[in-house]
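In the working numbering, the protein residues as written are 104 to 560.
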């Protein structure tokens, strides 16, 4: 499992159900960014998936307190234990060397997932509708009350491989009494594998499964589950838009806006962190900055931001990619960025090992806040900047997972909060990547999984 004497680690990611780990006949190679094969990920067939879901649906619903205790135990196991022969250092080797995720990002993600699991009692207490009960033993049921109920028994998760942190969301479904099956990304399957192993060790073996499949069988998970959580690009969002059982996690298109009542120079570190944190690959990373003022002010801001992003701290978070992929992304930037002004390095591809590269940050200025390029989101630090005026309204900031509003104008901030297509608004000196347990990411997952029913006895 571990890398020794400079050799790459070896890895196999197999299906995991209540019956244990299963290596399918069909598989897909797992490769390092330079193309070297270091193992395989199983691809289980349709029948295996349907049988796994049949068993998940029959898993007993454990008492709420028991579930929370098991998830807290799983947090400790995930962070520290040797699971199926894999130590935490083995896991970090796989994520950093194979998936190209910077080790510092993987370590931060481990800690964040652990904190999220331990905070579930407080988090779910905030999510329960005020006045709703969670059991028939609540005295309010005698007078009639709202009961917080599951909308199904099983949840399917189509996970992404952007960063390990995406796996901090779906475990709350286990706390709510769901059984969960995860289809891992072949790029970074190691985090869900380790999480599922931790949940099994903590006592949830009948309630969780890892089901790697090919793309054809992937839809079987959606068909079999009562509810689904699906990560992907705009095409994935469009595919499931008409299916109310599917909650999509698509492009974030997160933005920062700096109004002219603040000194942008005092906030360069915040904006740079918003762009570069988590390798620039997370849906919460800033992809566009609107700077109130004219084009000259936007250019001045861009020049300063580009310089800040060249500092060593920003470089700690760069994701390693196959050289061919890095070149394709650089070519794409040139195509979509026609008509923009570039700041910082023009040659953004840097080879760091044979057939392996990192991409240096891209900072470009568009003519105005209506430029379509402001919605282009890429899996590395790439930010589009444009001049902006509050008098033109908030339309350029719509359709954003996060808007960080660096402003003193609370009326403007309130307009952002009232905009339905903006999921989160962070006011002041906060990065778009800021998160805390109990604060919703794209709403609470429980909004998709739960409902209220009337009850009286």
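We treat Cβ as the ideally placed atom computed from N, Cα and C, and that holds for glycine.
query                                                                                                                                  : result
Cβ pair residue 542, residue 358 closer than 8 Å                                                                                       : no
Segment contact, 8 Å Cβ cut-off, at least three pairs: the region 388-406 with the region 484-496                                      : yes
Nearest-angstrom beta carbon gap, residue 167 and residue 219 [assumed within contact, 8 Å]                                            : In fact, because the Cβ distance is near 18 Å, the residues do not count as touching under 8 Å.
CB of residue 141 within 8 Å of CB of residue 131, strictly                                                                            : no
Chain B within 8 Å of residue 480, Cβ atoms only                                                                                       : No chain B appears in the structure shown, which is made up of a single protein chain.
Segment contact, 8 Å Cβ cut-off, at least three pairs: the region 329-345 with the region 186-193                                      : no
Alpha-carbon to alpha-carbon, residue 371 and residue 181                                                                              : 35 Å
Closest by C-alpha distance to residue 213, when choosing among 267, 170 and 221                                                       : 267
Inter-stretch contact at 8 Å, needing at least 3 Cβ pairs: the region 429-446 / the region 503-523                                     : no
Cβ pair count under 8 Å reaching 3, the region 341-351 against the region 377-389                                                      : no
CB-CB length for residue 314 against residue 285, believed under 8 Å                                                                   : 7 Å
Beta bridge counterpart(s) of residue 386 as assigned by DSSP                                                                          : None; residue 386 has no bridge partner.
Anticipated Cβ contact below 8 Å, residue 526 with residue 545, distance rounded                                                       : 5 Å
Cross-strand partners of residue 132 (DSSP beta bridge)                                                                                : 143
Contacts around residue 291, its chain only, beta-carbon distance under 6 Å, and the 5 residues preceding and following it disregarded : 202 and 264
Beta-carbon gap between residue 446 and residue 461 smaller than 8 Å                                                                   : no
Sequence-distant residues of its chain with Cβ nearer than 7 Å to residue 387 (five each side left out)                                : 355, 357, 504, 505, 535 and 536
Rounded distance between the beta-carbons of residue 316 and residue 124, thought under 8 Å                                            : About 16 Å separates the two Cβ atoms, so there is no contact after all.
Cutoff 7 Å; reference residue 340; Cβ partners in own chain excluding five residues on either side                                     : 351 and 353
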